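The block underneath contains the structure these notes are about, expressed in structure tokens.
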Amino acid sequence: MTVTARAREIGDRVEAFVRDVIVPYEPDPRCGSHGPSDDLVVEMRDKAHAAGVLTPHILPDGSHLSHAETAFVLTRSGLSPLGPLAVNTAAPDEGNMFLLGKMGSAEQKAHFLAPMIDGTARSAFFMTEPASEGGAGSDPSMMQTTCRQDDNHWVINGRKAFITGAEGAKVGIVMAKSDEGACMFLVDLPHPAIRIDRVLDTIDSSMTGGHAEITIDNLRVSAEQMLGNPGEGFKYAQVRLAPARLTHCMRWLGCCIRANEIATDYANRRHAFGKPLVDHEGVGFMLAENMIDLKQAELMIDWCAGVLDTGSLGTVESSMTKVAVSEALMRIADRCVQVMGGTGVTRDTIVEQTFREIRAFRIYDGPTEVHKWSLAKKIKRDWKAAQP
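Set out below in structure tokens:
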């Protein structure tokens, strides 16, 4: 896919900033098990603002780059695990900004979206619920969190789980079910009716605030805080869903590009059995396979971005892309660890973290198996429709 001059100029500046300014932060002790600390994020974002690369996918007039242009820029922001946080292209904020930009009222955009775009507010998307309590996960129809109308307000009760970035977030998007169906609400955080019960210890560590279990106890919000209309929450979720799947692919492609650079450098410098590792077929072939998988991932992302840019929801295409790219990136990350041997499992480089993050990515926004099941259902529908 041809890269526009606008996207190339922005993407090149983002790449230079991430490589030159953000990569040196990777050993910073403020990068904890529940993600980089908020003070580290503020410090990096101040530098991104000064460099003119903060929130690069949203233009000064509030419009977005096309999905194809976004792919070029966000891939470069992902060259460090810290890059998306630093330049404000990280999940869940990037997806939440996209959703509010498409569906929010003028008042909602001014109050909730503007501070997200300028990088002063992080956000959280409250949808997933505890599996142990039979709550919603990959099947959103299982949602148990309820909302009921009380005059000009709504009262929300329920439990949520794996809520990324809830700790320290200033903006919340809460999904709950009413008699009309699913609803979305915008909430200022922290809020006394939204309690963080615990932040989970998870395999990944790139997202500030980690992933929390939440109790929502009689949260009372005004009707003006509802996004759109009652019962249309799943419709709005679809607006966010495919682009968010795809931007995950973009960011982690960038991280795997960098991990492969590190593994390649190691294989060329490290000698064993009388020659550089890269000259041993077992190692050289792994790097060759990485080259193939990286290109295939890039092409799948570009293809899906092109579909979204036609105005299509891209549900099928984004499912295909999410499966293909997440599985390809997992193979790449695993090979990078293997090529580097003992060094690959240490935290001396980002290769070890990349492996952990990509393993979690295979579950984010629907695990591989759910997407394959969805695609198989489409195959069956199409076959039935084609029968005489």
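Residue numbers for the sequence shown follow the working numbering, beginning at 2 and rising by one. Quick reminder that beta carbons are idealized off the backbone N, C-alpha and C, glycines included. Here the structure is a predicted model, which means the values were calculated and not measured.
Check, Outcome
"Complete beta strand (DSSP E) runs within the segment 138-183 (minimum length 3 residues, chain order)", "147-151, 154-165 and 172-179"
"Beta-ladder partner(s) of I217, from DSSP", "G159 and I195"
"Sheet register partners of A6 (DSSP bridge)", "Note: A6 sits in no beta bridge, so no partner."
"7 Å Cβ cutoff met for K171 and I215", "no"
"Cβ-based burial, T90 [other Cβ within 10 Å; buried from 16]", "buried"
"Cutoff 6 Å; reference H35; Cβ partners in own chain excluding five residues on either side", "V200 and G211"
"Separation of L220 from N153, as counted between CA atoms", "14 Å"
"Best match in R31, G102, R14 and G84 for proximity to D62 [C-alpha to C-alpha]", "G102"
"For R357, the nearest candidate out of R348, V175 and I204 (CA to CA)", "I204"
"Where G283 falls, given that 16 or more other Cβ within 10 Å makes a residue buried", "exposed"
"Length at least 4, wholly inside the segment 70-115: the alpha helix (DSSP H) runs in chain order", "84-88 and 94-104"
"Touch test, the segment 251-259 against the segment 108-121, Cβ-Cβ under 8 Å, three pairs minimum", "no"
"Three-state secondary structure assigned by DSSP to S206", "coil"
"DSSP-derived helix/strand/coil call for H212", "strand"
"Every unbroken alpha helix (DSSP H) within the segment 280-355, with a cutoff of 4 residues, ordered by chain", "282-309 and 316-345"
"Sequence-distant residues of the same chain with beta carbon closer than 7 Å to V352, five excluded per side", "A260, I263, A264, C337, V338, M341 and G345"
"Closest Cα partner of M98 within the set V74, P82, E290 and R123", "R123"
"Residue burial classification, N230 (beta-carbon count within 10 angstroms, cutoff 16)", "exposed"
"Cβ neighbours of N269 in the same chain (closer than 6 Å, five flanking residues each side left out)", "P277 and V279"
"Sequence-distant residues of its chain with Cβ nearer than 7 Å to D335 (five each side left out)", "F356"
"Nearest-angstrom Cβ-Cβ length linking F186 and L242, presumed shorter than 8 Å", "At roughly 18 Å, the Cβ-Cβ gap does not stay under 8 Å, so F186 and L242 are not in contact."
"Where I293 falls, given that 16 or more other Cβ within 10 Å makes a residue buried", "exposed"
"For K48, the nearest candidate out of A387, A87, A377 and V308 (CA to CA)", "A87"
"For M104 and T146, believed in contact at Cβ under 8 Å, the rounded distance", "The Cβ separation is near 20 Å, so there is no contact."
"Secondary structure of M128, DSSP reduced to three states", "coil"
"Per-residue DSSP class, three states only, for H65", "strand"
"Sub-7 Å separation of G169 and D39 beta-carbons", "yes"
"Contacting residues, own chain, Cβ-Cβ under 7 Å from P368 (five flanking each side not counted)", "S139"
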